[in-house]
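Asker: Dumping the structure here so I can ask a few things about it.
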Amino acid sequence: MDNVSLDKGMRFMIEIQNLYKSYGNLEVLKDVSFSIPKGSYTTIIGHNGSGKSTMAKLIIGLLEAKKGKIQILGQELNEESVYELRSHIGIVFQNPDNQFIGSTVADDIAFGLENQGIPKMQGIIEDVAGRVGMTDFLSAEPTKLSGGQKQRVAIAGILAIEPDIIIFDESTSMLDPQGKASINAQIRKLHEEKNITILSITHDMEEVAQSENVIVLENGEIAMQGTPMDIFKQEDKLAKMQLDIPFGLKISKELKKRGIFKENVCRLDEVVEKLCRLK
Ligand code: ADP
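Per numbering that gives the first Met the number 0, residue 0 is the first one in the sequence shown, and the count goes up by one each step.
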């Protein structure tokens, strides 16, 4: 839209100010404010029903807030700006069923690219399919895939487009631990190599451990916010919300108890690296 001026030099990709959302009488977000710096990797965690998905839907303009303000790329999200702003955001939902349009996996990945007018499609399609482990399924019918495979294809579609912001809404929930780990590595790569702003709603604490900022939602309010270590230090508070700490940190804490580590680390690869450096 011509009348929407985007401020690409801004510091924050997403700014949420005093946001409220209700479904009928049920208040699901209460006075939520946070900012997502450009190029950062933020995870949102919280018990089921804490308001995480509602937050994602508000950010892409699928839902309207009751009160408060959302700014994306420095521009206020409203009826006029929503379509332009949405073209800068890629979202992968938990259940990708209704995200499929093409008759084959390759068509489906191509659809997003065509929309953006991106050339050299075949190369890009093969590259992103390989990155999510779906090379052998390019001619398959998307509807016949398993839940986890559908999630991989949906992620491939977003990887192909490389929007300014990617929102993952429990997009690896149907994958086994190995599948989660390989997609997490792709997300990390997007963040580190492409400087894409990532906002990921997740239950996977291994993914949280690799992010930079963590927002903990509880009953529609921000209960905690900080680095993964800031959050995981408060293990008792997390346990009350039925949230666990990552496996890497559990091992690290054991090693610290035994005097092998002086400082804790959150990620398993950091634990391995630290162990390898020990004399
Ligand atoms: P989360 O993603 O953290 O599980 P949601 O944002 O999906 O939380 O839901 C927050 C609350 O709002 C829950 O109590 C849920 O039952 C309720 N809710 C979500 N969507 C709707 C809807 N379309 N209509 C009514 N209630 C809803």
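Even glycine gets a Cβ: it sits at the ideal position worked out from N, Cα and C. Fair warning: this is a prediction, and the values are worked out from it, not measured in the lab.
1) For the putative contact between E220 and V31, defined by C-beta atoms under 8 Å, what is the C-beta separation to the nearest angstrom?
2) Of the choices S172, K66, L61, D96, whose alpha-carbon is the least far from that of V81?
3) Please list, in chain order, all residues of the same chain as G101 whose beta carbon is under 8 Å from its beta carbon, the five residues on each side excluded.
4) Anything with a beta carbon under 5 Å from a heavy atom of ligand 1 counts; list them all in chain order.
5) For the putative contact between I29 and Y22, defined by C-beta atoms under 8 Å, what is the C-beta separation to the nearest angstrom?
6) Could you give the distance in angstroms between the alpha-carbon of E125 and the alpha-carbon of I160?
7) Do you know offhand how far S199's Cα is from G247's?
8) State the DSSP-derived secondary structure class of F246, mapped to helix, strand or coil.
9) Are the segment 32-40 and the segment 180-197 in contact at 8 Å, needing three or more beta carbon pairs?
10) Does the segment 253-267 come into contact with the segment 55-69, if we say contact requires no fewer than three beta-carbon pairs (one atom in each stretch) closer than 8 Å?
11) Residue range of the beta strand (DSSP E) that P36 falls in?
12) Using CA coordinates, which residue listed in I44, I90, N24 is at the minimum distance from E206?
13) Under the assumption that Q150 contacts S170 (Cβ atoms under 8 Å), give the Cβ distance between them as a whole number of angstroms.
14) Following the continuous alpha helix (DSSP H) through D106, name the residue where it begins and the one where it ends.
15) Output needed for P95: all residues of its chain with C-beta closer than 6 Å, excluding positions within five of it in sequence on either side, in chain order.
16) The alpha helix (DSSP H) spanning V270 covers which residue range?
17) Thinking just about the alpha-carbon of each residue, which of E217, H87, I15 is nearest to the one in K51?
18) What is the C-beta distance between A222 and V215, in whole angstroms, given that I count them as a contact (C-beta under 8 Å)?
19) Could you tell me if R130 is buried or exposed, where buried requires 16 or more neighbouring beta carbons within 10 angstroms of its beta carbon?
20) Spatial neighbours of M120 within its chain, please: C-beta separation below 6 Å, excluding the five flanking residues on both sides.
21) Which first and last residues belong to the beta strand (DSSP E) in which F284 is found?
22) Residues in its own chain within less than 7 Å of T53 by CB, not counting five upstream and five downstream?
23) Note down, in chain order, each residue of its chain lying with its Cβ closer than 7 Å to the Cβ of A139, except the 5 sequence neighbours on either side.
24) Starting from D168, follow the beta strand (DSSP E) in both directions and report where the run begins and ends.
25) With the cut-off set at 8 Å, would you say I166 and A55 are in Cβ contact?
26) Leaving out five residues before and five after L274 in sequence, what residues of the same chain have Cβ atoms less than 6 Å from its Cβ?
27) Can you list, in chain order, the residues of its chain whose CB lies under 8 Å from that of H46, leaving out five sequence neighbours each side?
28) Tell me the DSSP bridge mates of K68?
Answerer: According to the structure shown:
1) So it is a contact: roughly 7 Å between Cβ atoms.
2) It is L61 whose Cα lies nearest to the Cα of V81.
3) So the qualifying residues of the chain are D107, I108, A109, F110, P141.
4) That gives Y22, V27, N47, G48, S49, G50, K51, S52, T53.
5) The amino acid occupying residue 29 in the given sequence is Lys; Ile does not appear at that position. In this structure, K29 and Y22 do not form a Cβ contact; the two beta carbons are roughly 13 Å apart against a cut-off of 8 Å.
6) E125 and I160: Cα-Cα distance of roughly 13 Å.
7) Roughly 20 Å separates the two Cα atoms.
8) In the three-state reduction of the DSSP assignment, F246 falls in the helix class.
9) Yes, the segment 32-40 touches the segment 180-197.
10) Cβ pair count under 8 Å is below three, so no.
11) The continuous beta strand (DSSP E) containing P36 extends over residues 25-36.
12) Here the closest residue by C-alpha is I44.
13) About 6 Å; that satisfies the 8 Å criterion.
14) Segment 104-115, the alpha helix (DSSP H) holding D106.
15) Excluding residues within five positions, the ones whose Cβ falls inside 6 Å are K149, Q150, A153.
16) Here the alpha helix (DSSP H) through V270 covers 267-276.
17) Ranking E217, H87, I15 by Cα distance to K51 puts E217 first.
18) That pair is a contact at about 5 Å.
19) Buried, by the Cβ-count rule.
20) Excluding sequence neighbours, M120 sits near A109, L112.
21) Only positions 0 to 278 of the chain appear in the structure, and residue 284 is not among them; the question remains open.
22) Cβ within range, chain order: K20, V27, L28, L62.
23) Sequence-distant partners of A139 (beyond 5 residues in either direction) whose C-beta falls short of 7 Å from its own C-beta, in its chain, are T103, V104.
24) Here the beta strand (DSSP E) through D168 covers 164-168.
25) In this structure, A55 lies closer than 8 Å to I166 by Cβ.
26) If we look at L274 and ignore the five residues flanking it on each side, it has no Cβ neighbours.
27) Answer for H46: E217, M240, Q241, L242, listed in chain order.
28) Answer is Q16.
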